[in-house]
Amino acid sequence: MKPKRVLFISNGHGEDLNACEVLKAFRRKYANVEVIALPLVGEGNTYRRAGVEIATPTKALPSGGFGYMSLYKQISDFQSGLVSLTWQQIKAAKLCGKNCDYAFATGDVLPAIFAYLTGLPYALFLVSSSGFYENRFIPRWELSLIMRSPRCRQILTRDAYSAKLLQEGGYHNVGYAGYPIMDVLEPTGKPLHLAPNVPMIALLSGSRLPEAAENLALQLSLCVVIAQEFAPNPVQFRAALVPSLIPQLPELATKSGWEYTDGNLYQRDANVGVICFSDAFPDILQQCDLAIGMAGTAVEQAVGLGKPVVQIMGNGPQFSYRFAEAQQRLLGLSVQTIGKKSATPEILREAARCVKRTLGDRDYLERCRQNGLERVGSKGGSEGLADAIASHLFN
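Last residue of the sequence shown: 844 (the numbering used here), numbering continuous.
Dropping the structure here:
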């Protein structure tokens, strides 16, 4: 008997991460089912690292999937082959419709459209949308039509509140099974060389270069101001970086007035050090007392663990004020955004004061822990979503 086949569709770094965690949980529990992926934004490296077959050619476009944020980014994507890439993806979706049995689309409107184009029965995991943004959930008209299609077997949300709002809006087959990004935070055991009883601040600079390098440089400036704000009491910093940023640290340190040696950044005049890791993200996030966030998914994960996050802005293109402000609405009281433009010395001073004030507010820190469970949830979402797929695939 021919094995069943599930197509996983997603559109971006965070979406790929979520979809791939569901895919891996599904593969573990239902080993007799074949899986294939259709990443619509970027190279699809999350799937490749998991050894998953990719159904379509992939390409990293200049906007990194954030073309909606400006006309300039949209033009850059068109010049870099967006139309040709999209046509190849449509053809791949049609082909998968002939040799797959079910589609699982993670993201927002775009993966939903591709799930519809396959002609297959499908599930929508609306990981990019939430009722928390505006205390309501009114899908765009294109998405609404796809959600009401007879072929839409499941509508799954990233939080229970969104599921409740959609049910109240008359949508059927709506459920909440968890949020997979919390399933990738098992500590590695990597020693972080932490001084006991000293607050540890995590630096989350993002995953896309060159923006992540520019963000880190700005965060280093903030570290100096935070250390001054805490003096004479000590504070320690750990940077959770993408591997591709590590080779750039010597040059980044020189340009920023720091020194770099074997994973350690040091500012001699201020006597401030930052230890950098590319393989200890869960450990840093679990053990930090607060995170300086200039990222998307990593900030959500920090909030899910009950950590307070202070956001400052760089030059983008991803982590703009528009993005940061929307993320603050999504994640609630755990996130504080300082400034509305690329951080100036005064904004950095304000952010440092905010960090010190936050770490001294026990009531607020307790509310962050409660808020994290409500807005993001705990681990187990990958398996819950895998079971949701199976419940329709085998019926």
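From the three backbone atoms N, C-alpha and C, an ideal C-beta is built for every residue, glycine too.
All values derive from a computational prediction rather than experimental measurement.
Problem set entry | Cα-Cα separation, Asn682 to Tyr715 | Here residue 682 refers to the residue found at position 233 of the sequence shown. Here residue 715 refers to the residue found at position 266 of the sequence shown. Distance from the CA of Asn682 to the CA of Tyr715, rounded to the nearest whole angstrom, comes to 18 Å.
For this session: For the alpha helix (DSSP H) containing Ala837, list its first residue and its last residue.
Result: The count along the sequence shown starts at 1 and reaches residue 837 at position 388. Where Ala837 is concerned, the enclosing alpha helix (DSSP H) stretches over Gly830 to Leu842.
For this session: Have a look at Leu520 and Asp836 and give me their C-alpha separation to the nearest angstrom.
Result: Working through the sequence shown from its first residue, we reach residue 520 at position 71. Working through the sequence shown from its first residue, we reach residue 836 at position 387. A caution first: Leu520 carries a pLDDT of 49, below 50, which makes its placement in the model too unreliable to give a value.
Problem set entry | Distance CB(Ile733)-CB(Ala662) smaller than 7 Å | Within the sequence shown, numbered from 1, the residue matching residue 733 stands at position 284. Within the sequence shown, numbered from 1, the residue matching residue 662 stands at position 213. Contact flag unset, no.
Problem set entry | Assumed close pair Arg602, Tyr571 - CB separation to whole angstroms, cut-off 8 Å | Start at 1 with the first residue of the sequence shown, and residue 602 comes out as number 153. Start at 1 with the first residue of the sequence shown, and residue 571 comes out as number 122. So it is a contact: roughly 7 Å between Cβ atoms.
For this session: Kindly indicate which three-state DSSP category Pro699 falls into: helix, strand or coil?
Result: If you number the sequence shown from 1, residue 699 lands on position 250. The answer is helix: DSSP assigns Pro699 an H, G or I state.
Problem set entry | Own chain partners of Phe527 with C-beta closer than 8 Å, once the 5 adjacent residues on each side are dropped | Along the sequence shown, one-based indexing puts residue 527 at 78. Because Phe527 carries a pLDDT of 45, less than 50, the predicted location of this residue cannot be relied on, and no value is offered for it.
For this session: Please say whether Ser579 and Gly846 have beta carbons closer to each other than 7 Å?
Result: Lying before the first or after the last residue shown, residue 846 is absent from the chain, which here runs from 450 to 844.
Problem set entry | C-alpha distance - Phe679 paired with Gln668, whole-angstrom precision | By one-based count along the sequence shown, residue 679 stands at place 230. By one-based count along the sequence shown, residue 668 stands at place 219. A straight-line Cα-Cα distance of about 16 Å links Phe679 and Gln668.
For this session: Would you kindly report the start and end of the unbroken beta strand (DSSP E) that includes Asn467?
Result: Taking the sequence shown and counting its residues from 1, the one referred to as residue 467 is at position 18. Where Asn467 is concerned, there is no enclosing beta strand (DSSP E), although the alpha helix (DSSP H) it sits in stretches over His462 to Lys478.
Exercise. Going by Cα to Cα distance, which pick from Leu615, Asn622 and Arg454 is closest to Leu544?
Worked result: Along the sequence shown, one-based indexing puts residue 544 at 95. Comparing Cα positions, the closest option is Arg454.
For this session: Following the continuous beta strand (DSSP E) through Leu605, name the residue where it begins and the one where it ends.
Result: Locating residue 605 in the sequence shown gives position 156, counting from the first residue. Element bounds for Leu605: Cys601 to Thr606.
For this session: With Pro488 as the anchor, note down where its beta strand (DSSP E) starts and where it stops.
Result: By 1-based counting over the sequence shown, the position of residue 488 is 39. Unbroken beta strand (DSSP E) run through Pro488: Glu483 to Pro488.
Problem set entry | Presumed contact (8 Å Cβ cut-off) between Val784 and Val825, rounded CB distance | For the purposes of this step, residue 784 is taken as residue 335 along the sequence shown, with counting starting at 1. For the purposes of this step, residue 825 is taken as residue 376 along the sequence shown, with counting starting at 1. Wrong, their Cβ atoms sit about 11 Å apart, outside the cutoff.
Problem set entry | Simplified DSSP assignment, three categories, for Trp649 | Translated into positions along the sequence shown, residue 649 becomes position 200. Here residue 649 is Met; the residue named in the question, Trp, does not match the sequence. Strand, per DSSP.
Exercise. Excluding the five sequence neighbours on either side, which residues of its own chain have a C-beta within less than 6 Å of the C-beta of Tyr517, listed in chain order?
Worked result: Translated into the one-based positions of the sequence shown, residue 517 becomes position 68. Here Tyr517 scores only 48 on pLDDT, less than 50, and its place in the model should not be relied on; the value that follows carries that caveat. The answer is none, since no qualifying residue turns up.
For this session: Go ahead and label Lys451 buried or exposed: buried means 16 or more other beta carbons lie within 10 angstroms of its beta carbon, across all protein chains shown.
Result: Working through the sequence shown from its first residue, we reach residue 451 at position 2. Exposed, because fewer than 16 other Cβ atoms sit within 10 Å of the Cβ of Lys451.
For this session: Please determine, among Gly712, Leu472, Leu487 and Leu808, the residue with the shortest C-alpha to C-alpha distance to Met649.
Result: Here residue 649 is taken as the residue at index 200 of the sequence shown, counted from 1. Met649 has its Cα closest to that of Leu808, out of Gly712, Leu472, Leu487 and Leu808.
Exercise. Can you tell me where the alpha helix (DSSP H) with Ile630 in it begins and where it stops?
Worked result: Looking up residue 630 in the sequence shown gives position 181. Looking at the DSSP string, Ile630 is not in any alpha helix (DSSP H), and its letter there is neither H nor E.
Problem set entry | Closest residue to Pro488 among Ala564, Tyr551 and Phe475 (Cα-Cα distance) | Taking the sequence shown and counting its residues from 1, the one referred to as residue 488 is at position 39. Taking only the C-alpha atoms, the option nearest Pro488 is Ala564.
Exercise. So what does Phe726 bridge to, in DSSP terms?
Worked result: Taking the first residue of the sequence shown as 1, we reach residue 726 at position 277. Paired residues: Ala689.
Exercise. According to DSSP, is Ile587 helix, strand or coil?
Worked result: The residue labelled residue 587 in the question sits at position 138 within the sequence shown. If DSSP states are grouped into helix, strand and coil, Ile587 belongs with coil.
Exercise. In the DSSP assignment, what residue or residues form a beta bridge with Phe679?
Worked result: Numbered from its first residue, the sequence shown carries residue 679 at position 230. DSSP lists no partner for Phe679.
Problem set entry | Cβ distance (whole Å) where Ile630 is taken to contact Gln736 below 8 Å | Position 181 of the sequence shown, counting from 1, holds the residue named residue 630. Position 287 of the sequence shown, counting from 1, holds the residue named residue 736. The beta-carbon separation of Ile630 and Gln736, rounded to 18 Å, does not stay under the 8 Å limit for a contact.
Exercise. Using DSSP with H/G/I as helix, E/B as strand and the rest coil, what is Asn622?
Worked result: By 1-based counting over the sequence shown, the position of residue 622 is 173. In the structure shown, Asn622 sits in coil (DSSP, three-state: anything other than H, G, I, E or B).
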